[in-house]
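Chemist: Residue numbers for the sequence shown follow the UniProt record's numbering, beginning at 1 and rising by one. By construction, the Cβ of each residue, glycine as well, lies at the ideal position given by its N, Cα and C atoms. Quick caveat: nothing in here was measured; it's all calculated off a predicted structure. Could you have a look at this structure, given as structure tokens, before my questions?
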Amino acid sequence: MLFQGLAEKLQETFKKLRGKGKLTENDLKAALREVRLALLEADVNLAVVKNFIGRVWERSLGAEVLESLTPAQQIIKIVKEELTALMGDTRSGINFSATGPTTILLVGLQGGGKTTTAGKLALYYKKQGKRPLLVGADVYRPAAIKQLEVLAGQIDVPFFSLGADASPVEIARRAVEHAQRQSQDLILVDTAGRLHIDEELMAELRSMKEAVEPQEVILVVDAMTGQDAVNVARAFQEELGLTGVILTKLDGDTRGGAALSVKSVTGCPIKFVGTGEKLDTLQPFYPDRMAARILG
Ligand code: GDP
Numbered sequence: 001m002l003f004q005g006l007a008e009k010l011q012e013t014f015k016k017l018r019g020k021g022k023l024t025e026n027d028l029k030a031a032l033r034e035v036r037l038a039l040l041e042a043d044v045n046l047a048v049v050k051n052f053i054g055r056v057w058e059r060s061l062g063a064e065v066l067e068s069l070t071p072a073q074q075i076i077k078i079v080k081e082e083l084t085a086l087m088g089d090t091r092s093g094i095n096f097s098a099t100g101p102t103t104i105l106l107v108g109l110q111g112g113g114k115t116t117t118a119g120k121l122a123l124y125y126k127k128q129g130k131r132p133l134l135v136g137a138d139v140y141r142p143a144a145i146k147q148l149e150v151l152a153g154q155i156d157v158p159f160f161s162l163g164a165d166a167s168p169v170e171i172a173r174r175a176v177e178h179a180q181r182q183s184q185d186l187i188l189v190d191t192a193g194r195l196h197i198d199e200e201l202m203a204e205l206r207s208m209k210e211a212v213e214p215q216e217v218i219l220v221v222d223a224m225t226g227q228d229a230v231n232v233a234r235a236f237q238e239e240l241g242l243t244g245v246i247l248t249k250l251d252g253d254t255r256g257g258a259a260l261s262v263k264s265v266t267g268c269p270i271k272f273v274g275t276g277e278k279l280d281t282l283q284p285f286y287p288d289r290m291a292a293r294i295l296g
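Here it is as structure tokens:
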């Protein structure tokens with residue numbers, strides 16, 4: 001289960017604290033040392049951990065906390081607030097266009113789950129009454145275009161592509177025109193991914209972004225790759241500019257560090273998480289619920 005190791009360690013630390021009654025500065029220091037270790041073991045980015053511990057320390061030191069009647073509870077509350085803040089405080093949803101169709105570019109490396117997530121988003125928003133159009137623009141992997149077409153068929157959502165010979169920019173542009181004609185109001189573009197980040201990929205994505213001015217540019221990234229996922233997010237943010245991140249494979253054997261690090265490192269909120277291979281396994285990401293889950 002996601003965050004199981006982290007949750008168990010933190011709960012143990014806080015149980016000890018609660019058992020002590022009145023707390024000294026040294027008790028606080030010892031507890032925060034354990035929290036620090038637990039976060040590092042969960043693969044949270046080192047700089048993020050340092051900042052986090054620093055903030056909790058500052059807020060907990062004052063007499064109002066340590067000399068209060070329930071110091072341990074107050075410290076747990078502070079940790080919970082800071083964990084929530086780390087993940088972006090509030091739910092960050094899709095920014096829909098007020099006037100025309102909303103375009104979302106899904107970007108990422110190959111194998112991260114982009115194509116599957118395009119299908120998941122289409123199903124999620126179809127259920128909410130939107131009219132999605134799935135667009136296959138991964139021209140380097142014709143199999144990916146086919147895969148998306150099959151997914152579209154499974155969830156009965158229209159599909160658009162111009163095949164592997166067209167340019168991705170042209171596909172995206174024509175998809176928007178097509179959506180407008182067909183009154184589809186949510187355009188989900190599955191872009192090409194590569195095994196590594198390269199300048200050619202970024203240049204092409206920048207051209208697509210310029211051509212269709214999407215409301216959202218969302219990185220889809222595999223949470224199981226841990227801090228690599230965070231580094232990939234940072235690179236895409238710097239080179240392309242992102243509006244959000246979707247972490248996939250949170251059902252897998254991940255320690256969860258990416259979920260706790262992405263927002264602080266890149267400034268981009270996590271909008272959804274993927275928790276399975278099936279198309280109905282996409283969940284909105286709620287920072288406060290995630291923090292509550294970690295603290296039990
Ligand atoms: P793309 O290359 O980025 O388009 O990646 P795909 O959408 O083809 O996904 C790669 C693999 O990851 C496929 O086998 C998907 O079924 C799988 N996958 C995608 N999202 C998830 C997820 O949230 N959980 C699990 N367990 N597998 C996923």
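Below 8 Å on the Cβ atoms is my guess for Gly136 versus Ala144; work out the distance and round it to an integer in Å.
Modeler: 7 Å
Chemist: Report the residue from Asn231, Gly241 and Thr243 whose alpha carbon sits nearest the alpha carbon of Gly257.
Modeler: Asn231
Chemist: Rounding to the nearest angstrom, what Cα-Cα distance links residue 301 and Pro284 in this structure?
Modeler: Since the first and last residues shown for the chain are 1 and 296, residue 301 lies out of range.
Chemist: Are the stretch 260–278 and the stretch 55–64 touching by the rule of at least three beta carbon pairs closer than 8 Å?
Modeler: no
Chemist: Closer than 7 Å by C-beta to Phe14: which residues in its own chain qualify, once you throw out the five before and the five after it? Chain order, please.
Modeler: Ala72 and Ile76
Chemist: Go to Ile104, then tell me how far its beta strand (DSSP E) extends in each direction, as first and last residue.
Modeler: Thr102 to Val107
Chemist: Do Gln237 and Asp43 have their CB atoms nearer than 8 Å?
Modeler: no
Chemist: Quick check on the DSSP output: the alpha helix (DSSP H) that includes residue 321 runs from which residue to which?
Modeler: As displayed, the chain neither begins before 1 nor continues past 296, which places residue 321 out of reach and without an answer.
Chemist: Taking 8 Å as the cut-off, decide whether the C-beta atoms of residue 305 and Thr248 are in contact.
Modeler: Nothing in the structure corresponds to residue 305, since the chain is present only between 1 and 296.
Chemist: Look at the alpha carbon of Glu25 and the alpha carbon of Leu242, and state the distance between them as a whole number of angstroms.
Modeler: If I take the Cα positions, the gap works out to 41 Å.
Chemist: For Arg255, does the count of other Cβ atoms within 10 angstroms reach 16, so buried, or fall short, so exposed?
Modeler: buried
Chemist: Going by the CB atoms, is the gap between Ala192 and Tyr140 shorter than 8 Å?
Modeler: yes
Chemist: Does the distance from the C-beta atom of Leu133 to that of Leu195 stay below 8 Å?
Modeler: no
Chemist: Compare the C-alpha of Leu148 against each of Thr115, Arg173 and Ala164 and name the closest.
Modeler: Thr115
Chemist: 8 Å is my cut-off, CB to CB: does Ala137 come that close to chain D?
Modeler: Given the protein chain composition of this structure (a single chain), no chain D is represented.
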